[in-house]
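This report concerns only the one structure given below.
2 protein chains.
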Amino acid sequence: MTEDSKKQQSHQRKMEKLKDSVDATIASADVERGVSILLTGNGKGKSSSAFGMVMRALGYDFRVGVVQFIKGEQLSGEEIYVRDKCPEVTFYQMGTGFTWDTQDRSGDIEAAVRTWEVAAKMLSDPSYHLVVLDELTYMLSFKYLDQAMVMAALSGRPDNQSVVVTGRGGGSALIEWADTVSELKEVKHAYNAGIMARRGVDF
Amino acid sequence: MTEDSKKQQSHQRKMEKLKDSVDATIASADVERGVSILLTGNGKGKSSSAFGMVMRALGYDFRVGVVQFIKGEQLSGEEIYVRDKCPEVTFYQMGTGFTWDTQDRSGDIEAAVRTWEVAAKMLSDPSYHLVVLDELTYMLSFKYLDQAMVMAALSGRPDNQSVVVTGRGGGSALIEWADTVSELKEVKHAYNAGIMARRGVDF
Chain F
5 MTEDSKKQQS
15 HQRKMEKLKD
25 SVDATIASAD
35 VERGVSILLT
45 GNGKGKSSSA
55 FGMVMRALGY
65 DFRVGVVQFI
75 KGEQLSGEEI
85 YVRDKCPEVT
95 FYQMGTGFTW
105 DTQDRSGDIE
115 AAVRTWEVAA
125 KMLSDPSYHL
135 VVLDELTYML
145 SFKYLDQAMV
155 MAALSGRPDN
165 QSVVVTGRGG
175 GSALIEWADT
185 VSELKEVKHA
195 YNAGIMARRG
205 VDF
Chain W
5 MTEDSKKQQS
15 HQRKMEKLKD
25 SVDATIASAD
35 VERGVSILLT
45 GNGKGKSSSA
55 FGMVMRALGY
65 DFRVGVVQFI
75 KGEQLSGEEI
85 YVRDKCPEVT
95 FYQMGTGFTW
105 DTQDRSGDIE
115 AAVRTWEVAA
125 KMLSDPSYHL
135 VVLDELTYML
145 SFKYLDQAMV
155 MAALSGRPDN
165 QSVVVTGRGG
175 GSALIEWADT
185 VSELKEVKHA
195 YNAGIMARRG
205 VDF
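Residue numbers (the working numbering), protein chains in the order written: chain F, 5 to 207; chain W, 5 to 207.
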């Protein structure tokens, strides 16, 4: 047998095994309903991943809701895009600026509660296929929102609705609740090497 | 002092500290150029994060290139969206089906090389603000593409161009090269609880 055909044979054996394992995992999943996803950790990519899922849903013309907690007054690229190009997306921003800029706890709480009302409405409306609650975790860790109230709305949402929650931390209730949890670990970050945040990539 | 004003004062102190630290990090970054990002690990969200950055770039009307290695013959939501709604995006898929389905090493290598040629062209064209090389890591770990050739093209790209590489693994050369590396750790995944992949969220 030539070296090449040996390689091909060994490759085929490995790939057969991988295919069996992938097929088995897929076959064993048989519950069809909306999923809940938590994207947490200190690494880059949580909000952009949520917006990638927005694009995914838009590919099938599904209705999408996006509520952003904390985010600043300046729109970033994906926010401009969603606002200008995506009428299927209901988009709401707390828009009070970063909480570490305002330094006003009671004002922030009022804004958080007002923003939560928008989210809660989406979470009870089955016409939304996907709801993104960007940076919601901070509202819980700062105790701006009542955790029991938030968890009840997340858990009580329509069967067919998927939800993505992003933000560092998040606590055990969110991790317990979510079907899928990815932790984004910062292995390294450009700004630690003195490289500025890049328009159209970082914001 | 009332309980509330104590809370407000302590909150303000904490937020001042946080603001100082955020401001200092931003101020110390003064190099402006395209960034390189590696999204790796076994958790959900790598490709969707890359597509979120595509949306971010589109918000500023930047030109974007997306090359997908490995991906199957069936388009997923974000791919349908990009193909149908985003003329600013040059989109290319290897399109040979999953390598564990084809089980044909030499055919896969040919397809990988053909696909790489498309990527290499983008990496030498300064009109692309952002280039996404989705699942490129597997081409290196399967040794379908020569690592030195790939790294030379990634490193030699135009100064203003940003690149996002996704996929599990990736090896030390990619980690060394990238300005920002996020590792997506799977804390839990819906399919392990028997929940099917969801259209418009998972694909």
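We treat Cβ as the ideally placed atom computed from N, Cα and C, and that holds for glycine.
Taking only three categories from DSSP, how would you classify residue i?
i	result
S166 of chain W	strand
G175 of chain W	helix
L137 of chain F	strand
I199 of chain F	strand
Y142 of chain W	helix
K89 of chain W	helix
K192 of chain W	strand
S80 of chain F	coil
D108 of chain W	coil
K147 of chain W	coil
F207 of chain F	coil
G56 of chain W	helix
A131 of chain F	Per the sequence shown, the amino acid found at residue 131 of chain F is Ser instead of Ala. Here S131 of chain F sits in coil by DSSP.
G63 of chain W	helix
R17 of chain F	helix
Per DSSP, residue i is paired with what?
i	result
T44 of chain F	F:E187
T94 of chain F	F:G69
V35 of chain F	W:I199
Could you tell me which of the options sits nearest to residue i, measuring between CA atoms?
i	options	result
K147 of chain W	W:W120, W:V135, W:R17, W:S32	W:W120
G45 of chain F	F:A177, F:M200, F:R172, F:G204	F:R172
S186 of chain F	F:K48, F:V70, F:K89	F:K48
V70 of chain W	W:G63, W:A201, W:V93, W:Y195	W:V93
R161 of chain F	F:T6, F:A182, F:P91	F:A182
V136 of chain F	F:V169, F:A31, F:V26	F:V169
Q72 of chain F	F:Y96, F:L62, F:G81	F:Y96
D129 of chain F	F:V68, F:T6, F:I74	F:V68
Y64 of chain F	F:I74, F:D150, F:L134	F:L134
M126 of chain F	F:S166, F:E83, F:T184	F:S166
F207 of chain W	F:R203, F:M57, F:D108, F:A197	F:M57
R87 of chain F	W:K192, W:L62, W:I84	W:L62
E139 of chain W	W:Y132, W:A123, W:S131	W:A123
D243 of chain F	W:A31, W:S53, W:M200, W:I113	Any question about residue 243 of chain F goes unanswered here, given that chain F covers just 5 to 207.
G99 of chain F	F:Y85, F:A115, F:R109	F:A115
L188 of chain W	F:L22, F:H15, F:L178, F:L43	F:L43
V191 of chain W	F:E180, F:N196, F:G198, F:V191	F:E180
S52 of chain W	W:A157, W:E83, W:K18	W:E83
G110 of chain W	W:M155, W:R17, W:L149	Correcting the residue identity first, residue 110 of chain W is Ser in this sequence and not Gly. For the residues W:M155, W:R17, W:L149, the minimum Cα distance to S110 of chain W belongs to W:L149.
I199 of chain W	F:I199, F:I41, F:K11	F:I41
N196 of chain W	F:N196, F:A201, F:T184	F:T184
Drop a sphere of 10 angstroms on the beta-carbon of residue i, count the other beta-carbons inside from all chains shown, and report buried for 16 or more, exposed for fewer.
i	result
E77 of chain F	exposed
D34 of chain F	exposed
M153 of chain W	exposed
S3 of chain F	Not covered by the structure: residue 3 of chain F. The range shown for chain F is 5 to 207.
G1 of chain F	Outside the shown range of chain F, which is 5 to 207, sits residue 1 of chain F, and nothing can be said about it.
A194 of chain F	buried
V205 of chain W	buried
G38 of chain F	buried
R60 of chain F	buried
K50 of chain F	buried
T141 of chain W	buried
G174 of chain F	buried
T6 of chain F	exposed
May I ask you to check if the CB of residue i is nearer than 7 Å to at least one heavy atom of the ligand MN?
i	result
G174 of chain W	The ligand MN is not part of this structure, which contains no ligands at all.
For the segment 171-186 of chain F, which residues have a CB atom closer than 8 Å to at least one CB atom of chain W, in sequence order? If the cut-off is 8 Å between Cβ atoms, the segment 171-186 of chain F has I179, A182, D183, T184, V185, S186 near chain W.
Any C-beta of chain F within less than 7 Å: which residues of the segment 128-145 of chain W qualify? Legend: CB atoms of the segment 128-145 of chain W lying less than 7 Å from CB atoms of chain F belong to residues H133, L134.
Return the residues of the segment 196-207 of chain W that lie within a Cβ-Cβ distance of less than 9 Å from chain F, sorted by chain order. Cβ contacts with chain F: N196, A197, G198, I199, M200, A201, R202, R203, G204, V205, D206, F207.
Against chain F, which members of the segment 5-29 of chain W pass a CB distance test of less than 7 Å? Close to chain F, meaning a Cβ-Cβ distance shorter than 7 Å, are the following residues of the segment 5-29 of chain W: K11, Q12, H15, Q16, M19, E20, L22, K23, V26, T29.
Against chain W: residues of the segment 49-62 of chain F by CB proximity under 9 Å: Those would be G49, K50, S51, S52, S53, A54, F55, G56, M57, V58, M59, R60, A61, L62, in chain order.
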